[in-house]
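Numbering (this note's numbering), first residue to last: 449 to 704.
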């Protein structure tokens with residue numbers, strides 16, 4: 449008689465299941481003295497891409513490389529596109545030293561105008577851009593703002609603080625922002641977090657927005673995951689390169 453214990457059968461969740469909402473609303477949780485989890489979704493959020501311009505990008509010094517920063521920015525843009533989320537793009541003094549927006553952003557959102565600010569640093573304080581935000585909020589009812597800006601201390605932090613003041617839920621994507629140095633990044637993240645912003649990263653945010661790989665956007669979301677979130681992209685590519693050697697049965701029937 450073998451002394452090796454027999455494992456019980458695995459429990460596989462039905463592929464018809466969807467993601468469950470929290471039992472309590474964010475307002476109910478706050479009323480009870482708990483943290484109110486008011487999550488961003490592809491249906492309740494607007495994405496702001498602020499001043500990702502070639503002149504400014506060249507000066508960022510807080511990341512391991514400019515290639516990593518650029519990949520995160522493009523990954524965020526591709527995520528918004530894949531999930532069909534409203535996006536507003538702006539630049540600051542593009543006609544002079546800051547240069548034009550990244551060409552990849554212009555290509556991804558070829559049907560979107562770029563709001564060209566001509567001097568006002570905080571994009572939320574620019575009358576034309578604020579009107580664009582407020583018009584979009586009025587049209588869609590969305591009050592969750594996902595924001596990334598080339599310099600985290602100014603392009604991201606300043607509008608974040610302003611929008612928090614005006615009642616928006618704001619989610620700065622910190623690794624799709626750059627900084628002149630580490631001090632700027634640390635100070636900006638502290639300011640935004642202390643003010644009530646919820647700091648996120650590109651990979652985690654993309655997962656939160658997708659929520660369920662059975663959702664219809666899954667195929668479209670494979671592009672940012674494979675092209676821009678490289679660590680997980682390698683996981684995906686490695687799996688499909690070796691799919692016929694799998695050891696766990698696939699309940700979806702995709703892998704033979």
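All residues carry an ideal CB built from backbone N, CA and C; glycine is no exception.
Counting only runs that start and end inside the segment 582-624, the alpha helix (DSSP H) elements of at least 4 residues fall at 605-613.
Counting the other Cβ atoms within 10 Å of the Cβ of residue 549 gives 16 or more, which makes it buried. Pairwise C-beta distances place the segment 496-503 in contact with the segment 539-549, as three or more of them are shorter than 8 Å.
Exposure of residue 589 is indicated by the presence of fewer than 16 other C-beta atoms within 10 angstroms of its C-beta.
Less than 8 Å divides the Cβ of residue 626 from the Cβ of residue 599. In the structure shown, residue 540 adopts extended strand secondary structure according to DSSP, grouped into three states. DSSP places residue 501 within a strand segment (E or B) once states are collapsed to three. Out of 579, 512, 529 and 536, the CA that lies nearest to the CA of residue 629 is found in 512.
Straight through space, the alpha carbons of residue 567 and residue 545 are spaced by roughly 12 Å. Here the alpha carbons of residue 572 and residue 488 stand approximately 20 Å from one another. In this structure, the straight-line span from the alpha carbon of residue 528 to that of residue 459 is close to 34 Å. Residue 701 and residue 688 have their C-alpha atoms some 14 Å from each other.
A straight-line Cα-Cα distance of about 21 Å links residue 530 and residue 587. Cβ-Cβ separation between residue 560 and residue 535: approximately 6 Å, consistent with a contact (criterion under 8 Å).
Selection 483, 464, 462 and 465 evaluated against residue 472 yields 483 as nearest (Cα-Cα). Annotated three-state conformation of residue 564 is strand, per DSSP.
For residue 518, the enclosing alpha helix (DSSP H) starts and ends at 514-530. In this structure, the straight-line span from the alpha carbon of residue 515 to that of residue 697 is close to 38 Å. For residue 454 and residue 675, the gap between their C-alpha atoms comes out near 42 Å. Selection 524, 525, 538 and 606 evaluated against residue 580 yields 538 as nearest (Cα-Cα). For residue 681, the enclosing alpha helix (DSSP H) stretches over residues 678-689.
Here residue 461 is exposed, its C-beta having fewer than 16 other C-beta atoms within 10 Å.
Under the DSSP assignment, residue 533 falls outside any alpha helix (DSSP H); it carries neither an H nor an E label. Spatial neighbours of residue 592 in its own chain (CB-CB distance under 6 Å, excluding positions within 5 residues in sequence) are listed in chain order as 488, 492, 493 and 617. Straight-line spacing of the CA atoms in residue 522 and residue 456 works out to 45 Å. Its chain contains 612 as the residues whose beta carbon lies nearer than 6 Å to that of residue 644, once the 5 sequence neighbours on both sides are disregarded; these appear in chain order.
Taking C-beta atoms as the reference points, residue 621 and residue 637 fail to come closer than 8 Å.
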